[in-house]
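Okay, structure first, notes after.
Number of protein chains: 2
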Amino acid sequence: MDRDSVFWKIADGRMPPPACAKTLGMTFRRVDPAGCIEVAFEATPAFLNLAGHVQGGFLAAMLDDTMGPALVATLDAGEFAPTVNLAVQFHRPAKVGPLKGIGRVLLRGREVCQLSGELLQHERVVATGTATAVIRRMGADTWSAVEKPA
Amino acid sequence: MDRDSVFWKIADGRMPPPACAKTLGMTFRRVDPAGCIEVAFEATPAFLNLAGHVQGGFLAAMLDDTMGPALVATLDAGEFAPTVNLAVQFHRPAKVGPLKGIGRVLLRGREVCQLSGELLQHERVVATGTATAVIRRMGADTWSAVEKPA
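Residue numbers (the numbering used here), protein chains in the order written: chain A, 125 to 274; chain B, 125 to 274.
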């Protein structure tokens, strides 16, 4: 980790969060630099499906924004870590209102990292997930290791 | 399928789309009632991460809103089909602008259904996914088959 990295600038309020985090109403609650994080989200009526529940995809977006930062907290300045896959299991419906995300780095490789996360509402699990991310350096071709030939 | 189902009312413009679809800028392009669908999305600046790409979770939300409707098009009135899991592979970054989703029903069981989807931008695949959904009847306890005891 590196206190001058973008992650810590945002977590410390020295930089604004990215637009996607604002859209999801994401705020940091606790950050363990060893790779565990607690964040909060706010589900709005804009996320609802026909059943009046938060569409599963928006829960997936929240899990992505839980697991990603757990890893990003461990990065040095100039590094970033695009997610290459994401798997989400939906446990029960979520409603408009606050949610809590808990993210963990299960494997912190030099490049390949394995992550897990849980999303809770009123202390009940609404969704769980896993993801794989790869660490890259800014300026390098981010996707060169994963992108297919054009 | 049932032309009086909520899906077809929305697809035919007789009912407004759900809020989550509006948020993702989703519109129907082609619907094959046998279980194949083409939809369009509009990625806005509100979906962007620090790298200036569409956050992967929002691509997952688009894939959920591609695969789900492919199945929902086949349902009778009074039926719905919550997604119980979703797996997404990210191929390359997506930018602000239009995307195309193609969803397919791989298995249309009486209850359990297996779905797949692709998300393209400028005719290049940006993400692929699979999902499992279970068919339920309105009024029944939606999640009774998947929800853990409280």
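For each residue, glycine too, the CB sits at the ideal point set by N, CA and C.
Exercise. Have a look at B:A251, B:G221 and B:C160 and flag the residue whose alpha-carbon is nearest the alpha-carbon of B:G149.
Key: B:G221
Exercise. Return the residue from the list A:E166, A:P169, A:W132 and A:L195 that minimises the CA-CA distance to A:E235.
Key: A:L195
Exercise. Using the Cα positions of A:C160 and A:M186, report the straight-line distance between them to the nearest angstrom.
Key: 16 Å
Exercise. Whole angstroms is fine: what's the gap from B:F214's alpha carbon to A:Q179's?
Key: 20 Å
Practice problem: Give me the Cα-Cα distance between A:P206 and B:W132, rounded to the nearest whole angstrom. | Solution: 37 Å
Self-check item: Residue burial classification, B:H246 (beta-carbon count within 10 angstroms, cutoff 16)
Solution: exposed
Self-check item: Min CB distance B:Q179 to chain A below 8 Å
Solution: yes
Quiz prompt | Any non-hydrogen atom of the ligand ATP within 7 Å of B:L187 CB | solution = You won't find the ligand ATP in this model; it holds no ligand whatsoever.
Quiz item: From which residue to which residue does the alpha helix (DSSP H) around A:G241 run?
Solution: Per DSSP, A:G241 belongs to no alpha helix (DSSP H); it is in the beta strand (DSSP E), V236 to Q245.
Quiz item: Per DSSP, A:A251 forms a beta bridge with which residues?
Solution: A:F214 and A:L243
Quiz item: Is the CB of B:L210 under 8 Å away from at least one CB in chain A?
Solution: yes
Exercise. Identify every residue that forms a DSSP beta bridge with A:T190.
Key: Partner(s): none; A:T190 has no beta bridge.
Quiz item: Is it buried or exposed for A:R260, if we count other Cβ within 10 angstroms and need 16 for buried?
Solution: buried
Quiz item: Rounded to the nearest angstrom, how far is the Cβ of B:L210 from that of B:D188, given a contact under 8 Å?
Solution: 6 Å
Exercise. Can you give me the Cβ contacts of A:M191 inside the same chain, cut-off strictly under 6 Å, excluding the 5 residues immediately before and after it?
Key: G227, L239, G241 and A255
Self-check item: Separation of A:E162 from B:A251, as counted between CA atoms
Solution: 27 Å
Quiz item: Just reading off the alpha helix (DSSP H) that A:T147 is part of, what are its end residues?
Solution: A143 to T147
Quiz item: Listed in chain order, which residues of the stretch 132-166 of chain B have Cβ atoms closer than 7 Å to some Cβ of chain A?
Solution: P142, A143, C144 and T147
Quiz item: Does A:P193 get closer than 8 Å to chain B when you measure Cβ to Cβ?
Solution: no
Self-check item: 7 Å Cβ shell around A:V229 - same chain, five flanking residues per side excluded
Solution: G159, A194, L195, T198, C237 and L239
Quiz item: Taking the C-alpha atoms as reference points, what is the distance between B:A112 and B:A143?
Solution: Outside the shown range of chain B (125 to 274) lies residue 112 of chain B, about which nothing can therefore be said.
Quiz item: Of all the CB atoms in chain A, is at least one closer than 8 Å to the CB of B:L231?
Solution: no
Quiz prompt | Residue nearest to A:L231 in terms of C-alpha spacing, selected from A:G137, A:P140, A:V155 and A:A257 | solution = A:A257
Quiz prompt | B:R248 versus B:G202 - alpha carbon distance | solution = 37 Å
Quiz item: Can you name the start and end residues of the alpha helix (DSSP H) that A:K219 belongs to?
Solution: Element bounds for A:K219: n/a, residue is neither H nor E.
Quiz item: From the DSSP output, which residues share a beta bridge with A:V155?
Solution: A:I161
Self-check item: Element boundaries [alpha helix (DSSP H), containing A:F171]
Solution: Looking at the DSSP string, A:F171 is not in any alpha helix (DSSP H), and its letter there is neither H nor E.
Practice problem: Could you please give the first and the last residue of the uninterrupted alpha helix (DSSP H) stretch that includes B:A175? | Solution: Taken as a continuous stretch (DSSP letters only), B:A175 belongs to no alpha helix (DSSP H), as it is neither H nor E.
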